[in-house]
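> Following this message is one structure expressed as structure tokens.
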Amino acid sequence: MTLELTGGTPFSALATKSWTRRYAGGAVTFGCRERTYERAPRVWGGRGLGLPEDELPAFAGQLKRVMKHEAYWLARAECPDRRAGDATRWSPGRYDDEDGFVYFAGPCTHGDPWPGYRPARSFTIALPQVRGLRIRLAAYLAAG
């Protein structure tokens, strides 16, 4: 039996398999259950997000999909802060050669009350904030 994928590049098909997205309450929760503990995204609740550098293109594809979803546009329209999607809400990507992760300081949560970056199987970003992260991530990839 063969599986035929249409409507995108083979790379985007891989990105779909490795990430999940769930929309609720004006936010998107990204899941990545298949990752090992060492390769799981690192989240510092309310302060930032770290992703393995080699997974940034796949995650950029996920952000692109979020911005095409109706929930994103509804949340943007309802958001009283018109600057919520600005890139300035997120720091430029900072590569850490010790662990191979790229860190973006910004409004990302995962429910863990402890300070510091912790591996997380899922994390949440308010939908209006997605645009700013996508800009920062694209700038990082373009500079690489």
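Numbering of the sequence shown is given in the numbering used here, commencing with residue 31 and proceeding in unit increments. Every residue, glycine too, gets a C-beta built ideally from N, C-alpha and C.
Say whether the segment 56–72 touches the segment 139–151, bearing in mind that this needs 3 or more beta-carbon pairs closer than 8 angstroms, one atom from each stretch.
yes
> What three-state label does DSSP hand Thr118 in the structure shown?
helix
> Return the first residue and the last residue of the beta strand (DSSP E) that Pro82 is part of.
Judged by DSSP secondary structure, Pro82 falls within the beta strand (DSSP E) whose first and last residues are 78–82.
> Using three-state DSSP, classify Arg52 as helix, strand or coil.
strand
> By the three-class DSSP mapping on this structure, what secondary structure does Gly130 have?
Here Gly130 sits in coil by DSSP.
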